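To start, the structure itself, in structure tokens.
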Amino acid sequence: MIDEKAISTAQRLGYAGLLPFLAFTLGGLLDVYGDHAIRLFVIYSALILSFLGGVHWGVAMQSEGSPSRALKWSMVPSIIGILLFFAGVWVSPLTMLTVLALTHLFWLNFEKRHLAEQLWYLELRNRLTFTVVALHVILIIISL
1 MIDEKAISTA QRLGYAGLLP FLAFTLGGLL DVYGDHAIRL FVIYSALILS FLGGVHWGVA
61 MQSEGSPSRA LKWSMVPSII GILLFFAGVW VSPLTMLTVL ALTHLFWLNF EKRHLAEQLW
121 YLELRNRLTF TVVALHVILI IISL
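According to full-length UniProt numbering, the sequence shown is numbered sequentially starting from 1.
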């Protein structure tokens, strides 16, 4: 069982991780290097998805038995992120933002099914994912 201090640290770091999302969204809204702000938002969003996949890599490595299925699933966010990096030349920011927002929602649902015993983590992830997806939607709207 994780102690309260570790939970508090995870929460602070999680909320701090929203700061780049907020900054890039603000840059897009205020049209301060708007295209660059949106591109940086997309890159950061993909990096965060990769980080979230890494959480499952760590969980799989500590599980009893054969973790190969969980290890494979933990790679899904990274693969989607890298595909968007490569596709970014041909795919519009609107498409990338939409795919990323949907992937964040998919991954939250995946975590709810696979980490159900970690209530503190799921509460935090719900809050963070809601905020992240809302910021994606804001940028989707201004990209129309």
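Heads up, the beta-carbon is just placed ideally off N, CA and C, and yes, glycines get one too. In this text the structure is predicted, and so the values were computed from the model without any measurement.
Can you tell me whether M61 is buried or exposed? The criterion is at least 16 other CB atoms within 10 Å of its CB, across all chains shown.
Under this definition M61 is an exposed residue.
By the three-class DSSP mapping on this structure, what secondary structure does A23 have?
In the structure shown, A23 sits in a helix (DSSP, three-state: H, G or I).
F110 to R127, Cα distance in whole Å?
F110 and R127: Cα-Cα distance of roughly 16 Å.
Among residues of its own chain, excluding the 5 on either side of A37, which ones have a beta-carbon nearer than 7 Å to its beta-carbon?
Result list for A37: F24, G27, G28, in chain order.
May I ask you to report which of helix, strand or coil DSSP gives S92?
Looking at S92 - three-state DSSP - the assignment turns out to be coil, as it is neither helix nor strand.
Okay, do the segment 93–102 and the segment 129–137 touch, 3+ Cβ pairs below 8 Å being the bar?
Because the criterion of three Cβ pairs below 8 Å is met, the segment 93–102 and the segment 129–137 touch.
Per DSSP, what kind of secondary structure is V76 in: helix, strand or coil?
DSSP places V76 in helix when its eight states are reduced to three.
Within its chain, find whatever has a CB closer than 7 Å to the CB of A125; leave out the 5 residues flanking it on each side and keep chain order.
According to the sequence shown, residue 125 is Arg rather than Ala. These residues qualify, in order along the chain: L108, E111.
Is there contact here, the segment 76–87 with the segment 37–53, by at least three beta-carbon pairs under 8 Å?
In short, these stretches touch, since the Cβ pair count reaches three.
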